[in-house]
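Those letters in the sequence shown? Residues 0 to 255, per numbering that gives the first Met the number 0, in order. Don't be surprised by glycine CBs; every beta carbon is placed ideally from N, CA and C. For reference, the structure discussed in these notes is given below.
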Amino acid sequence: MRMERVEETLERIGQEAARAPGGVMAFDGDGTLWSGDVGDDLFLALLEHGGIRPEAYAALERVGAAHGMAPGLGARELAHQLFEAFEAGRIPEKEIYEMVAWLFAGWRVEDVRAFARDVVARREVKRRIHPEARRVVEWALGRGIPCYVVSASPLAVVEAAVVEVGLSPANVLACTPREDGGTVLASIIEPIPYAAGKVTCLRARTSQPLYAAFGDNVFDFEMLAASRVPVAIRPKPRLRARAPELPSLVQLQPEE
């Protein structure tokens, strides 16, 4: 995977836009637009807040039982142990991404959004934006190219985070809990934007040409492969390992 300067990448995207007007661009969020994981930030903030409601605890107990957790643990301890098991590779990523989103079951949707905005501010996501990613976004917005953010993190926190990059929350596709009358439920709208689900979710929103896609990890691979200009931003080892499968994939030169 060769390194490419921002200017070179933008020139190639510009050529695609000239050939096929009306296209779009897509970005992963965590690790791609900003450092760190806003889903993790939201999860840890909820544990600190102690706001896991009975509706979420019942679902947590079912997940815990499925993965051999000791019965009778409190909500906070059970959620923490499940997350530790995920970090140790004992629970699939997709399952935990879903859990973090429905863990707000029993909350009002508007309260989750307010909580997420506070987390984004307190965790200083604005200071974590990758400069090279910001340049690409500004270039696209300056040319009127719609930009979508396709992330497996919870919808509320991704919507709050993209504002810091100058993007519209309306163009966020993220892990979304079901709701009933404005109250979050302990279940998820499928498919979630994870791995191949990223392409499915994006294509359900737009059928326009995908000029370029940007990602940092292996579960961005399918979205990268679906684009005309696939670009890795500060790629993780698992994406690097699959890079030979996508010869057109380049790494955007990091900026400070």
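Original post:
Using 8 Å as the Cβ pair cut-off and three pairs as the minimum, do the stretch 213-221 and the stretch 193-204 touch?
Top reply: yes
Subject >> Beta carbon proximity, Q207 to chain B, threshold 8 Å >> reply: Among the protein chains of the structure shown there is no chain B, as only one such chain exists.
Subject >> Coarse secondary structure for R11, derived from DSSP in three states >> reply: helix
**OP:** Have a look at the DSSP bridge pairing and note the partners of Y147.
**Re:** A25
**OP:** State the beta-bridge partners of T182 as determined by DSSP.
**Re:** R107 and D179
Original post:
Any idea if M24 is buried or exposed, counting beta-carbon neighbours within 10 angstroms, 16 or more meaning buried?
Top reply: buried
Original post:
Leaving out five residues before and five after D215 in sequence, what residues of the same chain have Cβ atoms less than 7 Å from its Cβ?
Top reply: D27, G30, T31, A231, I232, R233, P234, K235 and L238
Original post:
So what does DSSP say about A225, is it helix, strand or coil?
Top reply: coil
Subject >> D36 versus Q14, L77, V5 and I128, residue with shortest Cα-Cα distance >> reply: I128
Original post:
Which two residues bound the contiguous alpha helix (DSSP H) that contains F85?
Top reply: A74 to E86
Original post:
Can the beta-carbon of V118 be found less than 8 Å from the beta-carbon of D39?
Top reply: no
Original post:
Based on the DSSP secondary-structure assignment, which residues constitute the bridge partners of I128?
Top reply: W33
**OP:** Using the Cα positions of E255 and K125, report the straight-line distance between them to the nearest angstrom.
**Re:** 14 Å
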